[in-house]
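Enquirer: Residue numbers (the working numbering), protein chains in the order written: chain U, 130 to 466; chain X, 130 to 466.
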DNA sequence: CTGAAAGCGCTAACAT
DNA sequence: ATGTTAGCGCTTTCAG
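(1) Per DSSP, what kind of secondary structure is residue 249(X) in: helix, strand or coil?
(2) Against chain U, with Cβ distances strictly below 9 Å, would residue 237(X) count as a contact?
(3) Under 6 Å Cβ to Cβ from residue 375(U), same chain only, skipping five residues before and after it: list those, please.
(4) Can you look up residue 375(X) in the DSSP assignment and give me helix, strand or coil?
(5) Over what stretch of residues does the alpha helix (DSSP H) that includes residue 168(X) continue unbroken?
(6) At which residues does the alpha helix (DSSP H) containing residue 294(U) begin and terminate?
(7) Looking at the structure shown, is residue 444(X) part of a helix, part of a strand, or coil, going by DSSP?
(8) Contact defined as beta carbons within less than 8 Å: I believe residue 321(U) pairs with residue 289(U). What is the distance between those atoms, to the nearest angstrom?
(9) Relative to the C-alpha of residue 301(X), which residue among 130(X), 388(X) and 418(X) is closest?
(10) Closest to residue 213(U) by C-alpha separation, out of 443(U), 452(U), 425(U) and 442(U), would be which residue?
(11) If you drop the 5 nearest sequence neighbours on each side, which residues of the same chain put their C-beta closer than 8 Å to that of residue 243(X)?
(12) Is the segment 357 to 366 of chain U close to the segment 309 to 329 of chain U, with three or more CB pairs under 8 Å?
(13) Reducing DSSP to helix, strand and coil, say where residue 191(X) ends up.
(14) What's the call for residue 463(U), buried or exposed, on a 16-neighbour Cβ count within 10 Å?
(15) Would you say residue 386(X) and residue 454(X) are within 9 Å of each other, going by their C-beta atoms?
(16) Could you work out which residues of chain X lie near residue 423(U), taking near to mean beta carbons separated by less than 7 Å?
(17) Taking only beta carbons into account, state which residues of the segment 225 to 257 of chain U come closer than 9 Å to chain X, listed in chain order.
(18) Checking contacts by CB at 9 Å: is residue 270(U) closer than that to chain X?
(19) Below 8 Å CB to CB, which residues in the same chain sit around residue 466(U) once its five sequence neighbours on both sides are set aside?
(20) At what residues does the alpha helix (DSSP H) containing residue 335(U) begin and finish?
(21) Would you say residue 137(X) reaches chain U, if we count a Cβ-Cβ gap shorter than 9 Å as a contact?
(22) Let me know the secondary structure DSSP gives residue 415(U) once reduced to three states.
(23) From this set, 297(U), 260(U), 438(U) and 135(U), which residue's C-alpha is nearest residue 174(U)'s C-alpha?
(24) Assuming residue 416(U) and residue 250(U) are in contact, meaning their beta carbons sit under 8 Å apart, how far apart are those beta carbons, in whole angstroms?
(25) In terms of alpha-carbon separation, which member of 177(X), 241(X) and 293(X) lies closest to residue 327(X)?
(26) Return the Cβ separation of residue 238(U) and residue 130(X) in integer angstroms, given the expectation that the two are a contact with Cβ distance under 8 Å.
(27) List the residues of chain X whose Cβ lies closer than 7 Å to the Cβ of residue 197(U), in chain order.
(28) Tell whether a beta-carbon distance below 9 Å holds between residue 280(X) and residue 440(X).
(29) Residue 270(U) lies in the alpha helix (DSSP H); which residues open and close that run?
(30) What residues from chain U crowd round residue 174(X), counting only those whose CB sits closer than 7 Å?
(31) Are any of the Cβ atoms in chain X nearer than 9 Å to that of residue 216(U)?
(32) When you compare each of 181(X), 170(X) and 193(X) to residue 93(X) by their alpha carbons, which one comes out closest?
(33) So residue 388(U) is in the alpha helix (DSSP H); what residue range does that whole segment cover?
(34) Could one say the Cβ of residue 374(X) lies closer than 9 Å to chain U's Cβ atoms, at least one of them?
(35) Strictly below 7 Å CB to CB, what residues from chain X border residue 190(U)?
(36) Output, in chain order, the set of chain X residues within a Cβ distance shorter than 9 Å of residue 177(U).
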């Protein structure tokens, strides 16, 4: 069923059928009606991909995530999907599976298929990203790359809130459990932590890096125990949840022995034990915002301001944080109160 | 950069360039080399979407999920993604957002863009699915539809194992907390539960339906408390995790007062409290298998056996199941042992 | 308001 | 082994 079949059926030219669909108003109401009716009857469906050859547009955007399996992306994907659908775009999903090569390949293959690209959690270098952005509209999520449009969370403010919260609870030293070194967010969070602790006259300690997974968190506990911290902020919730498990297994009580704070407020951070105090990012909104920025580039052409869009963060206090324990926990035999 | 630019650069015909890429061996090694070099230099990239007009193929498959936010789909999406990439296909993702209309729309829009369609957790009627399957290759995940290719988990065996496990623990009555009525899996699981309990001379009780979400599970607790069950099997893990939370809030101890079993083994079922005993589905494999079946249809043409591919399930025993409590729990004031 | 014709990037006959 | 030609489904001039 092509546009020609519909045209023949209605006794009009193919171009008229085309106009009836893509240029409403440039065709008389009567014929437009007739055409739509015939199209419906014949079961004709527009083939947006044909446009690629003639207009250069495909009506699709690419979404490359570093790992579809990571719960952080759930709301982000949905937000992007919804915003794309609203603009009548379809979403081409690519899972990099935490592999730089797969990511590059996926981007390469997307390049000619999409009108724009969303990069979420990319592991590529800034230079590589800029190279891609030269070829088509790109928006990077949760990372700032000079010269490339991006949408980032207000990491610094989130960390600041977390540190203040711990300060209120009487903590004086905060241990940061670091995520991957290639992660832009990890750098920003650690820096913000140092600044905030400095201002509040606290101490900051860093351990890691660790893989940003539950298992990574479990394995981090060993390093942590030597430090015997009273307050920990983890790079993200996955790591924090792993910490919770590892600490429980080691007989360290959270939050009475040590307070733990995560980042992202992912699915599961509310029903782990204890419920995780964490910095929430409006990931859904972030995804939508990213698509909006992409749309601005695609429709509006080049230029505009290239400064990152910043979405706010907030601290969600649950049960993994508590006042600092009075004395040193070495006397493991001390009876519980 | 088109095929023509490369052709001009090399002093050959466009068709030769085309052949150099898509029909290796039908062009002399020397020219092939020359062409590839020039293409590289000019930054030419193949545009697979153009093929749609001439070959009818797009090199993309569609993946429609009822809710991208549901953790069950993550391994499935990844499995499908990986299998598709292996075959050099790209994945067009559509999120139905639990809305039948959005699902229909998404499918409609995919129809002309993809070579085949994977339906995961579809809410459509069997008839509608068959209608779609008439228009292009379709594989349904986790649901059997006569006349349509499908990949399903061995729900019955999973339930059977769960029931046996509870029987071993001395339980005599099992309460099933049902999921959505439109869900094929819900029907199958409940039926299997009835059969298994019948064989083992136990009793089966059903409550619900409830939305298959954590909140749904929390709200199900009210209905459950009237029944005062000793063993519960929930439609899925989301529901089961909600149950765990609701029961804890109501002061009912799991597993000593009541055993709870879920289904799916989703992310989070291991770190909720207590760890959830659940029936695991190899979702990743299921997604890969579904793509394989799709490939068989696309390449191999029509026909073949249309019987569902069945992937195995297994029971993962964690901490939410225990021997049946000795006496009736009404005396809420009885001291803990 | 509508038709005719050209052309998008590419491949598939059909020649040579 | 390679060039020529036609044509895929669609939009876009350009006429009328």
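The beta carbon of each residue, even a glycine, is placed where N, CA and C say it ideally should be.
Expert: Quick look at the numbers:
(1) strand
(2) yes
(3) 347 and 350
(4) helix
(5) 158 to 171
(6) 284 to 297
(7) strand
(8) 7 Å
(9) 388(X)
(10) 425(U)
(11) 187, 189, 190, 191, 221 and 265
(12) yes
(13) strand
(14) Note that residue 463(U) scores 42 on pLDDT, short of 50, meaning its location in the model is unreliable; the coordinates nonetheless yield the value given after this. The residue is exposed, with fewer than 16 neighbouring Cβ atoms inside 10 Å.
(15) yes
(16) Simply none; closest approach about 16 Å.
(17) 226, 231, 234, 235, 237, 238, 239, 240, 241 and 242
(18) no
(19) Low local confidence applies: a pLDDT of 40 at residue 466(U) is under 50, so the model's placement there is unreliable, and no value is given.
(20) Taken as a continuous stretch (DSSP letters only), residue 335(U) belongs to no alpha helix (DSSP H), being part of the beta strand (DSSP E) at 332 to 336.
(21) no
(22) helix
(23) 135(U)
(24) So it is not a contact: roughly 12 Å between Cβ atoms.
(25) 293(X)
(26) No, residue 238(U) and residue 130(X) are not in contact; Cβ-Cβ is about 16 Å, not under 8 Å.
(27) 203, 206, 207 and 210
(28) yes
(29) It is not in any alpha helix (DSSP H) - residue 270(U) instead sits in the beta strand (DSSP E) that spans 267 to 270.
(30) 240 and 241
(31) no
(32) Outside the modelled stretch of chain X, which goes from 130 to 466, sits residue 93(X), for which no answer is possible.
(33) Counting along the chain, residue 388(U) falls outside any alpha helix (DSSP H), though it belongs to the beta strand (DSSP E) covering 388 to 393.
(34) yes
(35) The premise fails here: residue 190(U) is roughly 11 Å from chain X at the closest Cβ pair, so nothing lies under 7 Å.
(36) 238, 241 and 242
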